[in-house]
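First up is the structure itself, then whatever we jot down about it.
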Amino acid sequence: MTATQPPLTVHRFAMCFSSTPRGARLARRLCAHRLDAWGIPYGTDAHDVVTLIASELCANAVRHGHVAGRDFHLLLTASPATGTARIEVTDTRGERLPRLPAAVPEDDDGGRGLLLVEALADRWGCSPRAEGGPGKTVWAECAAFDLT
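Just so we're aligned: 79 in our numbering is position 75 of the sequence shown, and the numbers increase by one with no gaps anywhere.
Here is the structure:
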């Protein structure tokens with residue numbers, strides 16, 4: 005008799021947040037909590053990297069994708085089969101696409117978020133909003149963690 009393992013479930017967390025600094029902070033905290041609940045514990049490199057990327061993408065949605073009265077959407081998935089986490093942040097401002105800055109002055113308080121995403125993520129990009137309507141989704145993927 006051969007024992008078979010059940011298929012590994014892809015973990016999924018999705019929620020809308022107010023397009024405010026408070027909404028971005030809440031999104032980061034809930035991401036961190038979900039990762040820990042899924043077996044990517046607080047304090048590990050994988051947890052810290054995914055949480056930081058989610059934080060930067062949410063902050064960018066608030067700062068650069070804000071439209072009055074519209075929320076941003078976060079989708080976090082983690083696949084045990086591939087050891088990959090994917091962060092997707094959707095806002096309603098499609099005309100402001102993300103781009104890496106050519107240079108950031110040392111005395112500038114901002115402008116480093118996408119540089120961090122570029123350095124930490126295995127892949128990242130931007131696509132039109134999937135649900136139709138105005139907006140864009142900025143996504144990033146991080147590989148190499150174990151959820152088994």
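Quick reminder that beta carbons are idealized off the backbone N, C-alpha and C, glycines included. Note that the coordinates shown come from a computational prediction; the quantities given were computed from them, not determined experimentally.
For residue i and residue j, I'd like the C-alpha separation in whole angstroms.
| i | j | result |
| --- | --- | --- |
| residue 124 | residue 76 | 22 Å |
| residue 118 | residue 59 | 11 Å |
| residue 90 | residue 149 | 12 Å |
| residue 50 | residue 66 | 24 Å |
| residue 48 | residue 28 | 22 Å |
| residue 16 | residue 133 | 19 Å |
| residue 57 | residue 103 | 15 Å |
| residue 22 | residue 74 | 7 Å |
| residue 71 | residue 135 | 17 Å |
| residue 41 | residue 145 | 19 Å |
| residue 1 | residue 54 | Beyond the ends of the chain as shown, which are 5 and 152, falls residue 1; an answer cannot be given. |
| residue 25 | residue 63 | 7 Å |
| residue 130 | residue 101 | 8 Å |
Going by DSSP in three states, residue i sits in which element: helix, strand or coil?
| i | result |
| --- | --- |
| residue 27 | helix |
| residue 57 | helix |
| residue 122 | helix |
| residue 101 | coil |
| residue 12 | coil |
| residue 144 | strand |
Below 8 Å on the Cβ atoms is my guess for residue i versus residue j; work out the distance and round it to an integer in Å.
| i | j | result |
| --- | --- | --- |
| residue 88 | residue 31 | The Cβ separation is near 20 Å, so there is no contact. |
| residue 84 | residue 12 | 4 Å |
| residue 79 | residue 18 | 5 Å |
Can you name the start and end residues of the beta strand (DSSP E) that residue i belongs to?
| i | result |
| --- | --- |
| residue 129 | 127 to 132 |
| residue 22 | Element bounds for residue 22: n/a, residue is neither H nor E. |
| residue 70 | Taken as a continuous stretch (DSSP letters only), residue 70 belongs to no beta strand (DSSP E), as it is neither H nor E. |
| residue 44 | Neither: residue 44 is in no beta strand (DSSP E) and is coded neither H nor E. |
| residue 90 | 88 to 95 |
| residue 4 | The question about residue 4 has no answer here: the residues shown for the chain are numbered 5 through 152. |
Problem set entry | Cβ contact check for the stretch 95 to 102 and the stretch 127 to 141: 3 or more pairs under 8 Å | Result yes; three or more Cβ-Cβ pairs closer than 8 Å.
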